[in-house]
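Residue numbers (my numbering): 586 to 945. In what follows, a structure is listed as structure tokens, so that the remarks can point back to it.
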């Protein structure tokens, strides 16, 4: 490996001074950039944690409201009468009227053995099994139940209460859909990417999200299992995420792009970079001036030494510095003076010797 060779002392000084300054500036910039990135990441993680807690609380409150509204509907005399007489058409009509009244997306009546009597969202479900039998089992144990379930490929926050007359004669279920509109509304409130994901058949399915189709598939593939937080590569960028359970096998995933979180700091980092480059240019100028000042007496001494080597003992160097280089110049002049005196003595001796030979 060849080493870098410098042809002048001045160049060596400039490179050493400039190199040290560049290393210091680069280290400072890297440390600041790393600190900014770490700070932004911690801020996003805390933001996701608080938002996930808030989302879960909002969904729970809406679930309680849904249960209360469903319980109120279960006391409707017309609905009880239609259910008791097993009049399917009347039951469906009453359910549809009540659905508009409570502004729900789905109302369903099931018999005590779990068969669907009427369904406002899909009338053809009449006579089939109730799509969320676990909720009926939970309602049997606790008189009411609520959960997020997948029905026909869509997510619903579903509440189930008994229809009493005065003993239970059927099960009344009411629910609101969790779809892309729900996710968009939550994003508008939080500023985060929101996705609702259900575990189905050993794989994750994104039912509602603010992400595009490609990112939804990537989220379903990369979603960490058994963890509340993680990092994903979505859309070519690093995203931090927070996972919060909202139902059985259903989670809400909140995501925030790290690049988006770092965007407010981009101007700061650019200013630091400009300052660092300006500092390098100033360091180059300063190193050049210092190297010139330091090397000038060295070059003066070198020139005097070359003249002495050529036999000019009358030379002297003038360096007006009171440091080591000044002392070296004074010593050099004394040495040249000694050489000059020695040369004079030798000349005198040679002349005397020639005169002796002449007179002898």
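Note that the Cβ used here is the ideal one computed from N, Cα and C, for glycine as well. These numbers were taken from a predicted model, which means no experiment stands behind them.
Residue interval of the alpha helix (DSSP H) (run including residue i)
i: residue 689; result: Element bounds for residue 689: n/a, residue is neither H nor E.
i: residue 719; result: 718-727
i: residue 902; result: From DSSP, residue 902 is part of no alpha helix (DSSP H); its letter is neither H nor E.
i: residue 934; result: 909-944
i: residue 664; result: 662-669
Presumed contact (8 Å Cβ cut-off) between residue i and residue j, rounded CB distance
i: residue 721; j: residue 745; result: 6 Å
i: residue 775; j: residue 636; result: 5 Å
i: residue 703; j: residue 673; result: 6 Å
i: residue 880; j: residue 598; result: 7 Å
i: residue 768; j: residue 795; result: 5 Å
i: residue 614; j: residue 858; result: 7 Å
i: residue 621; j: residue 850; result: 5 Å
i: residue 618; j: residue 854; result: 6 Å
Residue i and residue j closer than 8 Å at C-beta
i: residue 827; j: residue 633; result: yes
i: residue 924; j: residue 893; result: yes
i: residue 817; j: residue 807; result: yes
i: residue 805; j: residue 755; result: no
i: residue 668; j: residue 748; result: yes
i: residue 829; j: residue 836; result: yes
i: residue 595; j: residue 877; result: yes
i: residue 822; j: residue 848; result: no
i: residue 644; j: residue 831; result: yes
i: residue 861; j: residue 625; result: no
i: residue 714; j: residue 724; result: no
i: residue 814; j: residue 630; result: yes
i: residue 740; j: residue 793; result: yes
i: residue 575; j: residue 841; result: With the chain running from 586 to 945 in the structure shown, residue 575 is simply not present.
i: residue 705; j: residue 680; result: yes
i: residue 697; j: residue 751; result: no
i: residue 889; j: residue 917; result: yes
i: residue 898; j: residue 933; result: no
i: residue 736; j: residue 718; result: no
Span of the beta strand (DSSP E) around residue i
i: residue 871; result: Residue 871 -> not in any beta strand (DSSP E); alpha helix (DSSP H) instead, spanning 843-894.
i: residue 745; result: 739-749
i: residue 810; result: From DSSP, residue 810 is part of no beta strand (DSSP E); its letter is neither H nor E.
i: residue 824; result: 822-832
i: residue 897; result: No beta strand (DSSP E) holds residue 897; DSSP gives it neither H nor E.
i: residue 731; result: 730-736
i: residue 704; result: 701-704
Interface flag, residue i vs chain C, CB-CB below 8 Å
i: residue 659; result: Absence of chain C from the displayed structure is noted, only one protein chain being present.
heavy atom of the ligand ATP below 7 Å from residue i C-beta
i: residue 937; result: Because no ligand of any kind appears in the structure shown, any question about the ligand ATP cannot be addressed here.
Taking contact to mean at least 3 C-beta pairs separated by less than 8 Å, is the segment 768-788 in contact with the segment 703-711?
no
In the segment 753-807, which residue ranges form an unbroken beta strand (DSSP E) of at least 3 residues, counting only runs that do not cross its ends?
Qualifying beta strand (DSSP E) stretches, in chain order: 753-763, 778-785 and 788-794.
Would you check if there are 3 or more beta carbon pairs closer than 8 Å linking the segment 864-879 to the segment 654-671?
no
Would you call the segment 600-620 in contact with the segment 868-877, where contact means no fewer than 3 C-beta pairs closer than 8 Å?
Counting Cβ pairs under 8 Å, three or more are found: they touch.
Under 8 Å, with one C-beta from each stretch per pair, do the segment 677-691 and the segment 746-765 reach the 3-pair mark?
Output reads yes: the segment 746-765 touches the segment 677-691.
On the three-pair Cβ rule with 8 Å, is the segment 723-742 touching the segment 643-655?
yes
What ranges does the alpha helix (DSSP H) occupy inside the segment 598-669, keeping only unbroken runs of at least 4 residues that lie completely in it?
662-669
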